[in-house]
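Here's the structure we're looking at; comments come further down.
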C-alpha cells in the first residue's frame with residue numbers, strides 16, 4: 110500500500126538577535142509538537158547568521174532540496190524584521206508568517222504606529238529618537254522629561270520581547286532609560302497609558318473566517334508595573350495571563366475588531382498578535398503588532414488556541430498548511 114509522503118518542515122530557530130535563547134525555545138517547542146503527518150528538520154541559525162542542519166553549515170538557497178516548507182520560529186532582529194523572509198522569498202521557499210515588507214514594518218514600532226494612525230487606529234502619543242543624535246543624554250533626558258507627556262515608556266524602536274524597555278516617572282529614570290534603550294538602536298518614547306493590558310491573536314482562514322480573532326488575553330503584571338522580558342518567558346516571574354480577560358463585552362468585541370484591523374492594515378500574513386492598553390475613559394490604544402508571536406509552552410498564542418477549544422498542534426498544522434497553499 111502506497112503511503113502519501115510526509116511533508117518536511119524546516120524549523121528555523123536561533124539567529125543573530127538579543128532573543129536568540131527565546132527563539133531556541135520556540136523552535137524546540139514547534140519541533141516537539143509537530144503533528145505526526147510532518148517530518149521536522151531542525152535548522153539552527155547561529156549568532157553570526159550561519160545556517161546549520163545536524164551541525165553542518167547549509168546554504169539557505171539549498172533549503173528547498175531538504176524541506177517543503179520553512180516554519181519561522183525566530184524573534185527579534187533578522188528573524189522578525191524581514192531579513193530571513195527576504196532570503197526565503199529570494200529562493201522561492203514557502204514559509205509561515207508575514208512576508209518581508211510587513212515583517213519589517215511590524216518590527217519597527219515607529220513605522221507600525223504610522224500605519225495605525227493612517228488607518229484610524231488609536232495609538233499612544235510617541236516620538237522617535239535617532240540613535241546617532243543621542244550624544245548628550247543628560248540634555249536630551251531633561252528636554253524630553255520637561256516637554257513630553259509624563260509618565261512615559263522608553264523602548265528600543267526595533268527590539269521585541271520587551272527587551273530594553275523602561276517606565277519613566279522621574280528625570281533620573283529618563284536618563285537611565287535612554288542609556289538602556291540606545292544599546293539596541295533608535296529609541297521610541299511614548300506616553301504611558303494606564304489601564305488594562307490586552308493582547309489578541311489573529312489567525313487567517315480559520316473556522317470559516319478569513320480573519321479569525323482569538324479571545325483577548327488580559328496581562329496583569331504582579332510586581333513590576335509592566336510585562337517585561339522576564340515576565341514573558343519564565344513560569345514564575347511577574348505576570349498573570351487571564352484568558353479570557355476581564356473585559357466588558359463591548360471592550361472584547363472592540364479588541365477583536367481592532368486586532369483584525371491592525372493585522373490587515375499592516376498586511377500581516379497567516380497570524381499575528383497585537384498588544385493593546387484599555388484605558389477606562391480614553392478607550393483602546395494599539396501598542397504594537399507581533400508578526401511572529403512566541404510559541405513556547407508559556408506563550409500567549411498557544412494559550413489562546415486552547416481557550417477557543419483548539420490545540421497547539423492544530424495551530425502548527427494550520428500555519429504550515431497556509432504556507433504550503435501559497
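In my numbering, the protein residues as written are 110 to 435.
We put the CB at the ideal spot given by N, CA and C, even for glycine.
Considering only the beta carbon of each residue, do residue i and residue j sit closer than 9 Å?
i           : j           : result
residue 350 : residue 327 : yes
residue 421 : residue 402 : no
residue 139 : residue 404 : yes
residue 388 : residue 298 : no
residue 287 : residue 220 : no
residue 311 : residue 372 : yes
residue 276 : residue 265 : no
residue 154 : residue 124 : yes
residue 194 : residue 185 : no
residue 325 : residue 360 : yes
residue 256 : residue 300 : no
residue 305 : residue 226 : no
residue 352 : residue 428 : no
residue 400 : residue 377 : yes
residue 143 : residue 118 : yes
residue 374 : residue 224 : yes
residue 272 : residue 128 : yes
residue 384 : residue 308 : yes
residue 397 : residue 231 : no
residue 212 : residue 189 : yes
residue 414 : residue 423 : yes
residue 170 : residue 199 : yes
residue 197 : residue 204 : yes
residue 284 : residue 247 : yes
residue 183 : residue 122 : yes
Hey, quick one: how far does the beta strand (DSSP E) through residue i stretch, first residue to last?
i           : result
residue 238 : 235–238
residue 300 : 296–300
residue 310 : 305–315
residue 383 : 380–388
residue 241 : No beta strand (DSSP E) contains residue 241, which DSSP labels as neither H nor E.
residue 330 : 326–330
residue 323 : No beta strand (DSSP E) holds residue 323; DSSP gives it neither H nor E.
residue 351 : 348–351
Grab the span of the alpha helix (DSSP H) containing residue i for me, first residue to last.
i           : result
residue 291 : 280–291
residue 424 : 421–433
residue 221 : 218–227
residue 440 : Limits of the chain in this structure are 110 at one end and 435 at the other, which puts residue 440 out of reach.
residue 250 : 246–256
residue 368 : 358–375
Identify every residue that forms a DSSP beta bridge with residue i.
i           : result
residue 274 : According to DSSP, which records beta bridges pairwise, residue 274 is partnered with nothing at all.
residue 408 : Beta-bridge pairing links residue 408 to no other residue.
residue 403 : None, per the DSSP bridge assignment.
residue 120 : 151, 180
residue 392 : 388
residue 397 : 384
residue 318 : 315
Spell out whether any CB of chain B is found under 9 Å from the CB atom of residue i.
i           : result
residue 246 : Here chain B cannot be found, since the structure has a single protein chain.
At least three beta-carbon pairs within less than 8 Å, the region 427–434 to the region 171–179: yes
Length at least 4, wholly inside the region 122–207: the alpha helix (DSSP H) runs in chain order: 129–142, 172–175, 192–199
Inter-stretch contact (C-beta, 8 Å, three-pair minimum) for the region 149–167 and the region 232–250: Three or more beta-carbon pairs separated by less than 8 Å are not found between the region 149–167 and the region 232–250, which leaves the two stretches without contact.
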